[in-house]
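> In UniProt numbering, the protein residues as written are 1 to 423. One structure, pasted below without further comment.
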Ligand SMILES: *[C@@H]1O[C@H](CO)[C@@H](O)[C@H](O)[C@H]1NC(C)=O
Ligand SMILES: *[C@@H]1O[C@H](CO)[C@@H](O)[C@H](O)[C@H]1NC(C)=O
Ligand SMILES: *[C@@H]1O[C@H](CO)[C@@H](O)[C@H](O)[C@H]1NC(C)=O
Ligand SMILES: *[C@@H]1O[C@H](CO)[C@@H](O)[C@H](O)[C@H]1NC(C)=O
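In structure tokens form, the structure reads like this:
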């Protein structure tokens, strides 16, 4: 995994394409000479500009171009998302009590979770191994840089996991965490580095954008409004987007057109299918990144849907139950829960398939869907007192959406780490 990739070299396809030209080898020799003088950039530029190729050669060249932050390639194009969970006594990567940044909705041990089994699992891809998370390398890489997670509370969990994975090597007085409305910033002062989270559950502007009070059932998203939040994402070096759960309001999604307010009595609202609305947001996200990020120096990641475990009948459990009291994972390798829409995954695949920019996809859905044991369940801070009825039936208030930390989301960051350095 750590062996550096061969240098980008597309001269073979060039030779095949241009073999009819008698002057070709003279030109090639000259180009090689110039390339030695000016570095290999000259070569890839010449190839991309070559007007005589009927093949979309720039795409091929792009593929071989080294992504920013890469220090190696994954073994034989290994699919790191295809694998299995193995028990590992060397886990967790940090202790819950050693990370003061975990919000009380995710500190399961503190809130009385009786078992710790969910902390001892490591993701093992079938065809290779994940690079082990190296906090020093990560922080050195972030020196003078900004990493930002943008999306919903699940992305916030991944952000906090990243902070927990890094903070122990930073002295007490050299780090801070502050929140300004939608933006939370963790700062490593000696590194001049920040890791940030920005609340934008739809990425686009919506009526659920208030960072504190956003429990709105009649959700509306404004078409073409990515710049509203995007203004606050400029200058980020490593961007990690997610969005999914908030779109799940049914089969359709309300989209507001034009400049009117979400609260106007009369407004121009259309209701496309959830998939079409989601596709529109994904395309906006890519367009934003293309326009506002320098992708020669910066990277964009997208984390797929985080599965929930709200219906135990999905895995053959008793009806009316959920993740509550589950301490083991689902063994069926083909398991896919009913609350993860395959049609949305398909949209992600389509949109990224036609993407003009390199986007690194963290396909965490399948590997997380086995983890019915890893949710916060009832072991979290409750904001309102529980009723006697709720207390009598813990399943009724179990949170089967969010994940305990340390836990599953540390694995998402190990995958992010692997894809950042060994794409
Ligand atoms: C972690 O990364 C640092 C900085 O690149 C390196 O010096 C160190 O050897 C790495 N540690 C391990 C265990 O690989
Ligand atoms: C600190 O990092 C920011 C980017 O986050 C950069 O613009 C700035 O120049 C850096 N400052 C120093 C003193 O290196
Ligand atoms: C929780 O599960 C265990 C077995 O895994 C079972 O013995 C126990 O009765 C369950 N508790 C509740 C409240 O369902
Ligand atoms: C993500 O992984 C799942 C399971 O391996 C697969 O079915 C799905 O097609 C993948 N999604 C994309 C967009 O590649």
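C-beta atoms are modelled at their ideal positions from N, C-alpha and C, and glycine is treated no differently.
Does at least one heavy atom of ligand 1 sit under 7 Å from the Cβ of residue 137?
Residue 137: yes, Cβ under 7 Å from ligand 1.
> Residue range of the alpha helix (DSSP H) that residue 414 falls in?
Counting along the chain, the alpha helix (DSSP H) containing residue 414 begins and ends at 408-421.
> So residue 375 is in the beta strand (DSSP E); what residue range does that whole segment cover?
Looking at the DSSP string, the run of the beta strand (DSSP E) that includes residue 375 is 375-377.
> Can you list the residues near ligand 2, meaning Cβ strictly closer than 7 Å to any non-hydrogen atom, in the order they appear in the chain?
In chain order, the hits are 144, 145, 146, 192, 194 and 235.
> Using 8 Å as the threshold, is the C-beta distance between residue 247 and residue 213 below it?
Their beta carbons are not under 8 Å apart, which means residue 247 does not touch residue 213 by this criterion.
> Would you tell me roughly how many angstroms separate the C-alpha atoms of residue 297 and residue 238, rounded to the nearest one?
Distance between the alpha carbons of residue 297 and residue 238: 9 Å.
> Measuring alpha carbon to alpha carbon, tell me which of 379, 327, 359 and 314 ends up nearest residue 337.
Nearest C-alpha to residue 337: 314.
> Taking 7 Å as the cut-off, is the CB of residue 140 close to at least one heavy atom of ligand 1?
Yes - ligand 1 has a heavy atom lying nearer than 7 Å to the Cβ of residue 140.
> Comparing alpha-carbon positions, which option in 287, 217, 412 and 378 lies nearest residue 355?
Closest by alpha carbon: 287.
> Using three-state DSSP, classify residue 155 as helix, strand or coil.
Three-state DSSP puts residue 155 in a helix.
> Where does residue 97 sit, in a helix, a strand or coil, going by DSSP?
Residue 97 falls in the helix class under three-state DSSP.
> So, with DSSP's three-state summary, where would you put residue 400?
Residue state, collapsed to three classes: strand.
> Considering just the uninterrupted stretch of the alpha helix (DSSP H) at residue 388, what are its terminal residues?
Looking at the DSSP string, the run of the alpha helix (DSSP H) that includes residue 388 is 388-392.
> Could you tell me whether the Cβ atoms of residue 203 and residue 226 are closer together than 8 Å?
Contact flag set, yes.
> I'd like to confirm the pairing. Which residues does DSSP put opposite residue 241 in its beta bridges?
The partner list for residue 241 (beta bridge, DSSP) reads 150 and 302.
> For ligand 4, is there a heavy atom less than 7 Å away from the beta-carbon of residue 285?
Flag unset: Cβ of residue 285 not near ligand 4.
> Of all the options 73, 105 and 87, which has the alpha carbon lying nearest to the alpha carbon of residue 382?
For the residues 73, 105 and 87, the minimum Cα distance to residue 382 belongs to 105.
> Return the CA-CA distance between residue 344 and residue 171, expressed in angstroms with no decimal places.
Going from the Cα of residue 344 to the Cα of residue 171 covers about 43 Å.
> Looking at C-alpha atoms only, which residue of 165, 144 and 87 is the closest neighbour of residue 405?
Taking only the C-alpha atoms, the option nearest residue 405 is 165.
> Mind listing which residues have their beta carbon within less than 7 Å of any non-hydrogen atom of ligand 4? Chain order is fine.
This selection yields 81, 82, 304, 345, 348, 349, 352, 361, 363, 365 and 366.
> State the beta-bridge partners of residue 188 as determined by DSSP.
Its beta-bridge partners are 175 and 193.
> Using a Cβ-based criterion (distance less than 7 Å to any ligand heavy atom), does residue 325 qualify as near ligand 3?
Yes, the Cβ of residue 325 comes within 7 Å of a heavy atom of ligand 3.
> Say whether the stretch 263-279 touches the stretch 319-336, bearing in mind that this needs 3 or more beta-carbon pairs closer than 8 Å, one atom from each stretch.
Contact between the stretch 263-279 and the stretch 319-336 is absent, because fewer than three Cβ pairs lie under 8 Å.
> When we look at the beta-carbon of residue 136 and count the other beta-carbons within 10 Å, is it buried (16 or more) or exposed?
Answer is exposed; the Cβ neighbour count stays below 16.
> Among residues of its own chain, excluding the 5 on either side of residue 30, which ones have a beta-carbon nearer than 6 Å to its beta-carbon?
For residue 30, the predicted model reports a pLDDT of 44, less than 50, meaning its position is unreliable; a value from the coordinates is still stated below. The answer is none, since no qualifying residue turns up.
> Give, in chain order, every unbroken run of the beta strand (DSSP E) that is at least 3 residues long and sits entirely within the stretch 343-386.
As far as the stretch 343-386 is concerned, its whole beta strand (DSSP E) runs of at least 3 residues are 360-362 and 375-377.
> Between the stretch 393-412 and the stretch 372-379, do three or more beta carbon pairs fall short of 8 Å?
The answer is yes - the stretch 372-379 touches the stretch 393-412, with three or more Cβ pairs under 8 Å.
> Assign residue 322 to one of two classes, buried (16 or more other C-beta atoms within 10 Å of its C-beta) or exposed (fewer than that).
Looking at its Cβ environment, which holds 16 or more other Cβ atoms inside 10 Å, residue 322 is buried.
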